[in-house]
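Residue numbers (my numbering), protein chains in the order written: chain A, 1 to 200; chain B, 1001 to 1200. Note that CB positions come from ideal geometry on N, CA and C, so glycine has one too.
Number of protein chains: 2
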Amino acid sequence: MPKIVDHEARRQDVAEIAARLIASVGLEGTKVRDIARMAGCSTSVVSHYFASKHELLLSAYRQRMERIVTRIDFAELEGQPLSQVLSAALPIDELGHENWRIWLAFWGLATTDEFFRLEQRQRSREAVDLFQRAILATGIMEEGEHSYLVAQALLSAASGIATQAVYDPERWPPERQIKLLELHIAAHVGEAALFAPAGG
Amino acid sequence: MPKIVDHEARRQDVAEIAARLIASVGLEGTKVRDIARMAGCSTSVVSHYFASKHELLLSAYRQRMERIVTRIDFAELEGQPLSQVLSAALPIDELGHENWRIWLAFWGLATTDEFFRLEQRQRSREAVDLFQRAILATGIMEEGEHSYLVAQALLSAASGIATQAVYDPERWPPERQIKLLELHIAAHVGEAALFAPAGG
């Protein structure tokens, strides 16, 4: 069914253009007509793929979230150490910086928009589960309340590092972010977690 | 000079009204005419106190930031343990929730507005210094690179806890936030820091 595949691929392309635009000009500045222009189509073609601007923005947000989840899963499958697995969530490269700008734009919206608050809540809960799986994969901790608490602690840490790094890249180069994340991992999971593979 | 005092007090009142409005309807929804109406004056009176909407929003932001700094300083002077001192920065009550909604609204703006990015960067650097002072006040750590790193770690943790709690108060009641913060303090500063006074 090549037509369906094309439809889905085209939808993803448009959402990706939206994501880049949000990262560069913010949510307010992101206009459907600009997205259409950058996609080389008309606004009615964009409307064909997305019922509303809201749906388009949501797709952009989710698509970037999924890219990070894929990155983390991949690093885990490769058997990389926990710090490398979890640092895939940090703004340590261009994609990471772009993602965080997008998420922070949505966080602003989610303070007053109940739909986006629930979306953010859901994604955040999923992220704790993802972090817990990565922690368990080291074999150092066991499933249960404590490793869940540690997953919450490491997600809080990573998220707090990221939100500082986005606004202060001068003081938070990638090495500093990773150093802080390693400090958290050593403190909460143990020094051994810095070397043990988190999966594989 | 009662006139100057009045002017400053009135300015603060207007900024406080703006802060509450930002927390409830977001930055986009905050209109000078609504602020004026809530302050019981005309928009030209508001313009008398603030040269621009930008200046008014900035004052609202800074005023709430300073209230938290005062809270933390006060808890330190009272000789409260580190977890209580630092938890003054968390959304564990109505004021804390309101503050975080305000900051997150500005964080969204700061991803594309260079002025607010620099403001956010500055506030974030000051917060690290504030956290470091509170850590040093326990007498457990010494001034230097390591206690600065730990201050960055605890600020990251608190900030990450707060941003999850704002969107997920269901899973992050005050007890949970404080429990996580204590886990971070115990892991980075030591169990003793949970009981030792952070100042006095």
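Task: Contact with chain B by A:A137, beta-carbon distance below 9 angstroms - done: Translated into positions along the first sequence, residue 137 of chain A becomes position 137. No, its Cβ sits nowhere closer than 9 angstroms to a Cβ of chain B.
- [ ] May I have the straight-line CA-CA distance separating B:E1142 from B:R1121, to the nearest angstrom?
- [x] Position 142 of the second sequence, counting from 1, holds the residue named residue 1142 of chain B. Position 121 of the second sequence, counting from 1, holds the residue named residue 1121 of chain B. Going by the C-alpha atoms only, they are around 25 angstroms apart.
Open item on the list: Considering only their Cβ atoms, is the gap separating A:D34 from A:L21 smaller than 9 angstroms?
Closed with: On the first sequence, residue 21 of chain A is found 21 positions in, with the first residue counted as 1. On the first sequence, residue 34 of chain A is found 34 positions in, with the first residue counted as 1. Yes; because the gap between Cβ atoms is below 9 angstroms, this pair is in contact.
Open item on the list: With a threshold of 9 angstroms between beta-carbons, can B:A1088 be considered close to chain E, or not?
Closed with: Of the chains in the structure shown, none is chain E; the protein chains are A and B.
Task: Whole-number beta carbon distance between B:L1104 and A:T111, since they are thought to touch under 8 angstroms - done: On the first sequence, position 111 is the one that residue 111 of chain A refers to. On the second sequence, position 104 is the one that residue 1104 of chain B refers to. Contact flag correct, Cβ pair sits at about 5 angstroms.
TODO: Spell out whether any CB of chain A is found under 9 angstroms from the CB atom of B:Y1167.
DONE: As a working mapping, residue 1167 of chain B is identified with position 167 in the second sequence. B:Y1167 counts as touching chain A.
TODO: Jot down the residue ranges of each uninterrupted alpha helix (DSSP H) in the segment 1039-1078 of chain B, minimum 4 residues, whole runs only, in chain order.
DONE: 1043-1049 and 1053-1077
Open item on the list: For a test of your reading of the model: does the CB of A:R64 fall under 8 angstroms from any non-hydrogen atom of the ligand PLP? Yes or no.
Closed with: This structure simply doesn't include the ligand PLP, nor any ligand for that matter.
Open item on the list: If you reduce the DSSP assignment to three classes, tell me which class B:P1173 lands in.
Closed with: Reading the second sequence from its first residue, position 173 is the one you call residue 1173 of chain B. Coil.
Task: Residue nearest to A:S124 in terms of C-alpha spacing, selected from B:W1107, B:A1165, B:R1011 and B:V1128 - done: Locating residue 124 of chain A in the first sequence gives position 124, counting from the first residue. Measuring from the Cα of A:S124, the nearest candidate turns out to be B:A1165.
Open item on the list: Is there a C-beta anywhere in chain B that falls below 9 angstroms from the one on A:R171?
Closed with: Here residue 171 of chain A is taken as the residue at index 171 of the first sequence, counted from 1. Yes, because at least one Cβ of chain B sits closer than 9 angstroms to the Cβ of A:R171.
Open item on the list: Please report whether the beta-carbon of B:E1126 lies at a distance below 9 angstroms from any beta-carbon of chain A.
Closed with: By one-based count along the second sequence, residue 1126 of chain B stands at place 126. Answer no: the Cβ-Cβ gap between B:E1126 and chain A never drops below 9 angstroms.
TODO: Pull out every residue of the segment 1181-1195 of chain B whose Cβ sits closer than 8 angstroms to any Cβ of chain A, in chain order.
DONE: L1183, H1184, A1187 and H1188
TODO: Would you please verify whether the beta carbon of A:K179 is less than 9 angstroms from any beta carbon of chain B?
DONE: Taking the first residue of the first sequence as position 1, residue 179 of chain A is located at position 179. Yes, A:K179 counts as interfacial toward chain B.
Task: Within the segment 74-110 of chain A, ranges of the alpha helix (DSSP H) (whole runs, at least 4 residues) - done: 82-87 and 94-110
Task: Closest by C-alpha distance to B:F1195, when choosing among B:A1137, B:E1066, B:G1160 and B:A1162 - done: If you number the second sequence from 1, residue 1195 of chain B lands on position 195. Of the listed residues, the one whose Cα sits closest to B:F1195 is B:A1137.
- [ ] Check the C-beta distance from B:V1153 over to A:L180 and give it rounded, since I have them as a contact under 8 angstroms.
- [x] Here residue 1153 of chain B refers to the residue found at position 153 when the second sequence is read from its first residue. Here residue 180 of chain A refers to the residue found at position 180 when the first sequence is read from its first residue. Inspection of the sequence shows that residue 1153 of chain B is occupied by Ala rather than by Val. Right, the Cβ-Cβ distance comes to about 6 angstroms (below 8 angstroms), so this counts as a contact.
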